[in-house]
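Each remark here refers to the structure printed beneath this line.
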Amino acid sequence: MKKKNFVMMVIGTAAVFGMTAGTVSAQGQSSYVQYEHAWPEPGQEVANIIYDTDLAADVDDAGALAMLHAYADQGKANLLAVVADSSCLYSVSCAEAINTYYGRPDIPVGTYKGDSEVAPEGYTYCKPVTMKYQTTLRDGNDARDAVDIYREVLASQPDGSVTIVSVGFLTNLTELLNSQPDEYSDLNGIELVRQKVKLVSCMGGNFQDFDSAEYNFMCDPAAAQLMVNKCPAPIMFSGSEIGINLDTGERRYEMAQDDPVRLSYDLYLSDDTGLGTRWSWDLSAVLYAVEGLQDYWSMERGDVSVLEDGKDTFEKNEKTGARAFLVAKADVTQVEARLNEIMISAKKNNPNEEKVVCIEDKNGRIMRYGANGETWGVWKNDQLVNYAGQPGAYMTLDFEGVGFDLYGGVDADQGMLSVQLDGQEVSVIDTYAEKRVGSKCLYSARELEPGKHTLKLVISEEKNTNSTDSIVRIDAIKLYE
């Protein structure tokens, strides 16, 4: 998806993926992938979807996932898997929370595990949804590798039956194409995709203004290059120019009050008037993947290249072009109405729901005590993160339940934290890290005896010798009642 504001961090993607090797001839001419068949027509049969998302900084990823669940409820789609291509630790756990709420907790989920960092932490809604809803994943560290999920799911499906909906960076897909035979398939990544994937519906590119790079391509242009140059399956691009003209989200108030997608939009838009909307890049890619062109769009088929800065080029080739892009056809209000209708029709289906409660500073249940005159403060970079730096400072929480997850930050100036439960020390956590992570799960205990418990967190006298201070930052506590 394209974001309003973003931080772009790409670490050695060309070196990691070897993106352009073998894709440009000695004369500098691109060797395009060709597709000598009629273009696939979504909407003719049930769509078998793998959803590849950068669910993090923007909210249309969540709306698109709600659409997929709605289509599944209607028998128009099977949601085979969800993989996160964002570096945000809470992307995949947020996706799992949404899947569970809508009644599909067993859908395989995975996340990018490579070295590149292509997104900000994106805590706006992914973190609150993870902490306030039922999940098995505490954060992305608990999740499987996205490529492992891809290969397992693809290998299990009939040939030519899978549609990949890619609405984020092409990072996961490049690693899939570069993957080697494994326990799931004797085929390498390119051959596995050739055998199993009939279509990729990709939110990416800019096919109206070729002088501007679209966000997903710009954040990891080397990945976009490899995908465009080597993917053997046809790719339909829903370019930036499509979604930016479609506003959705104003009907979220018709969704259940406890719906995590409604919460995601509320947090992202910070609008209590009922009129706030967001552009709909990702939702358009899902609409095409399941319903096809209909009267919404026409298409241009041809050959696409991605430049080193993420800008794209297009050459028309109606006979054998393996790439195409959507062209707006219907009035935008008609498309917006359809997107809203599908998104809000997803319904809760979680009869075995576990009760979870997120305890933050504003709850008032956490008691905080300073040391040597210092009091706990609120970290300026995140209004709900409590911090202190004096050994002996502590906080306590009385609760009744069967478990908890403790969330907080790690950084180069942080100290050690003693975790005490019902008067006994159960762990000492070193929150020092060479590289800052604003929030992650620091400790978890999910199989406590039912009943009343007291949790006490104390800043230790000792600290990591590499740390410059003893600061501890506590984000929230997720209780299982």
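Under this note's numbering, think of the first position of the sequence shown as 714, with each following residue one higher.
For every residue, glycine included, the Cβ atom is placed at its ideal position computed from N, Cα and C.
- DSSP places Gly902 in the uninterrupted alpha helix (DSSP H) bounded by 902 to 909.
- Annotated three-state conformation of Trp752 is coil, per DSSP.
- Our two residues, Thr961 and Glu1174, have alpha carbons roughly 52 Å apart in a direct line.
- The Cβ atoms of Ala946 and Leu912 sit closer than 8 Å to each other.
- By the criterion of a C-beta distance shorter than 6 Å, Val805 is surrounded in its chain by Ala797, Val822, Thr824, Gly853, Ala856, once the five residues flanking it on both sides are discounted.
- Within a 10 Å sphere around the beta-carbon of Asp899 sit fewer than 16 other beta-carbons, which makes this residue exposed.
- Ala1041: member of the beta strand (DSSP E) spanning 1036 to 1041, first to last residue.
- Pairwise C-beta distances place the stretch 1053 to 1065 out of contact with the stretch 1028 to 1038, as fewer than three of them are shorter than 8 Å.
- Boundaries of the beta strand (DSSP E) around Cys1071: 1069 to 1072.
- Look at Lys840 here: in three-state DSSP terms it is helix.
- In the DSSP assignment, the residues bridged to Phe1112 are His1166.
- For the pair of segments examined, the stretch 926 to 946 was found not to touch the stretch 1002 to 1014: the number of CB pairs separated by less than 8 Å stays below three.
- Distance between Asp765 and Gly1136, taken at the CA atoms: about 45 Å.
- For Cys807, the three-state secondary structure derived from DSSP is helix.
- The residue from Leu792, Asp1025, Asn901 with its alpha-carbon nearest to that of Ala936 is Asp1025.
- Relative to the Cα of Glu1067, the nearest Cα in the group Met844, Tyr981, Pro753, Phe920 belongs to Met844.
- In this chain, Met1129 is not harboured by any alpha helix (DSSP H); it is covered by the beta strand (DSSP E) spanning 1129 to 1134.
- Val1115 and Tyr846 have their C-alpha atoms roughly 16 Å apart.
- For the 8 Å CB-CB criterion, Ser869 and Cys915 do not form a contact.
- Contact between Leu1130 and Ile1190 fails: their C-beta atoms lie close to 13 Å from each other, not under 8 Å.
- Nearest to Ser892 by C-alpha distance, out of Ile862, Gly881, Gly918, is Ile862.
- Unbroken alpha helix (DSSP H) runs of no fewer than 4 residues, entirely contained in the stretch 952 to 1001, are found at 953 to 956, 973 to 982, following chain order.
- Taking C-beta separations shorter than 8 Å and ignoring five residues to either side along the sequence, the partners of Thr848 in its chain run Ser806, Glu809, Ala810, Thr813, following chain order.
- Using a 10 angstroms sphere on the CB of Gly1077, the tally of other CB atoms stays under 16, which defines it as exposed.
- Per DSSP, Lys1148 lies in no beta strand (DSSP E) segment and is marked neither H nor E.
- Between the stretch 975 to 984 and the stretch 752 to 772, the count of Cβ pairs shorter than 8 Å is three or higher; the stretches touch.
- For Asp786, the enclosing alpha helix (DSSP H) starts and ends at 773 to 786.
- Rounded to the nearest angstrom, the Cβ distance from Leu793 to Val910 is 11 Å, too far for a contact under 8 Å.
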